[in-house]
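Contents: one structure, followed by commentary.
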Amino acid sequence: QQHGLELAGRLHGLDDAAIAELSAIPSLNAAATLIAGHRGLLAEGTRRGVRATRARGPVGPHVIGVANAYDELVSEVGSARTGRTDAIARLRRDPATFRSDVLRALATIVHEHRDEGRRRRAVDAARLARGAA
Numbered sequence: 086q087q088h089g090l091e092l093a094g095r096l097h098g099l100d101d102a103a104i105a106e107l108s109a110i111p112s113l114n115a116a117a118t119l120i121a122g123h124r125g126l127l128a129e130g131t132r133r134g135v136r137a138t139r140a141r142g143p144v145g146p147h148v149i150g151v152a153n154a155y156d157e158l159v160s161e162v163g164s165a166r167t168g169r170t171d172a173i174a175r176l177r178r179d180p181a182t183f184r185s186d187v188l189r190a191l192a193t194i195v196h197e198h199r200d201e202g203r204r205r206r207a208v209d210a211a212r213l214a215r216g217a218a
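Residue 86 is where the sequence shown starts when you use my numbering, and the numbers rise one by one after that.
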């Protein structure tokens with residue numbers, strides 16, 4: 086199950102035609118199902134426009150959604166970089182209504198690791214090469 090989740094996380098950006106092709110391959114069907122669930126979760130949140138009272142669905146699509154949304158928030162994708170604590174708070178308010186157990190797990194991992202800032206490599210001077218790698 087972990088392999089399927091990791092693969093789905095890497096492939097979540099594929100278009101619908103590519104996801105349909107993945108579904109036809111038995112060894113990739115689980116990843117395609119997770120990606121479809123992730124997209125459904127986001128579409129439902131967009132349609133609704135506000136948080137639901139309770140998160141629904143299996144954990145896999147929520148893991149992909151939370152990881153992707155967090156990555157976009159903290160790595161300046163589409164807007165200014167958001168701090169780690171603020172990113173977690175924004176995910177808790179997201180209309181996609183992510184599962185609280187998934188959000189707690191992400192928050193635990195995020196707060197266990199020191200924020201290294203925005204440098205690309207540890208050997209870079211502080212004034213060089215800032216941004217997501």
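Glycine included, each C-beta is placed from N, C-alpha and C at the ideal position.
Rounded straight-line distance, which links the Cα of residue j to that of residue i
{"i": "ALA117", "j": "ARG132", "result": "22 Å"}
{"i": "THR167", "j": "ALA190", "result": "19 Å"}
{"i": "ALA119", "j": "GLY98", "result": "One point to set straight first is that residue 119 is Leu, not Ala, in the sequence displayed. Straight-line Cα distance between these residues: approximately 12 Å."}
{"i": "ALA31", "j": "GLN86", "result": "Residue numbering for the chain in the displayed model covers 86 to 218; residue 31 lies beyond these limits and cannot be assessed."}
{"i": "ALA242", "j": "SER108", "result": "Because residue 242 is not part of the residues shown, which for the chain are 86 to 218, the question remains open."}
{"i": "GLY89", "j": "LEU96", "result": "10 Å"}
{"i": "HIS196", "j": "ALA121", "result": "30 Å"}
Which listed residue (the options) has its alpha carbon closest to that of residue i
{"i": "LEU126", "options": "ALA115, GLY145, SER112 and SER108", "result": "GLY145"}
{"i": "ASP70", "options": "SER164, ALA140 and HIS198", "result": "Within the shown structure, residues of the chain are numbered from 86 to 218, placing residue 70 beyond reach of any answer."}
{"i": "ARG178", "options": "TYR155, ILE194 and GLY163", "result": "TYR155"}
{"i": "HIS267", "options": "PRO143, PRO180 and THR170", "result": "Past the edges of the chain, shown from 86 to 218, lies residue 267, and the structure says nothing about it."}
Delimiting residues of the alpha helix (DSSP H) encompassing residue i
{"i": "ARG169", "result": "169–178"}
{"i": "ARG139", "result": "No alpha helix (DSSP H) contains ARG139, which DSSP labels as neither H nor E."}
{"i": "ASP186", "result": "185–197"}
{"i": "GLN87", "result": "87–96"}
{"i": "GLU106", "result": "101–108"}
With 16 other Cβ atoms within 10 Å as the buried cut-off, status of residue i
{"i": "VAL159", "result": "buried"}
{"i": "ARG184", "result": "buried"}
{"i": "LEU213", "result": "Residue placement at LEU213 is flagged as unreliable, the pLDDT there being 49, under the threshold of 50; the coordinate-derived value follows with that caveat. It counts as exposed."}
{"i": "THR182", "result": "buried"}
{"i": "ALA218", "result": "Low confidence applies to ALA218: its pLDDT is 46, below 50, so where it sits in the model is not reliable enough to give any reading."}
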